[in-house]
Amino acid sequence: MAGIGVGVFSSMLGVAGGELIIPTIMLLFSVDIKLAGSLSLAISIPTIMLFSAIY
Numbered sequence: 001m002a003g004i005g006v007g008v009f010s011s012m013l014g015v016a017g018g019e020l021i022i023p024t025i026m027l028l029f030s031v032d033i034k035l036a037g038s039l040s041l042a043i044s045i046p047t048i049m050l051f052s053a054i055y
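Be aware that the sequence shown starts at 1, since it is given in UniProt numbering, and climbs by one per residue.
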């Protein structure tokens, strides 16, 4: 549900989801910012690789 909310909100603002997923991970799972940033990067890498290959 958080992913859907971040996706809708970021597409309305025209920003990438990475800026919004870090605070979401921190609030929902009570982790520190370093772990949240690492998880955000791990989430983004497959998408980046896929669309880079398609492009």
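We treat Cβ as the ideally placed atom computed from N, Cα and C, and that holds for glycine.
Note that the structure is predicted; figures quoted are calculated from it, not measured.
Start-to-end residues for the alpha helix (DSSP H) that takes in Ser30: Walking along the sequence shown from the start, residue 30 turns up at place 30. Element bounds for Ser30: n/a, residue is neither H nor E.
Spatial neighbours of Ser44 in its chain, beta-carbon cut-off 7 Å, leaving aside the 5 residues before and after: Here residue 44 refers to the residue found at position 44 when the sequence shown is read from its first residue. Cβ within range, chain order: Gly18.
Same chain only: Cβ atoms within 6 Å of Ile25, ignoring 5 sequence neighbours per side: On the sequence shown, residue 25 is found 25 positions in, with the first residue counted as 1. These residues qualify, in order along the chain: Ala36 and Leu39.
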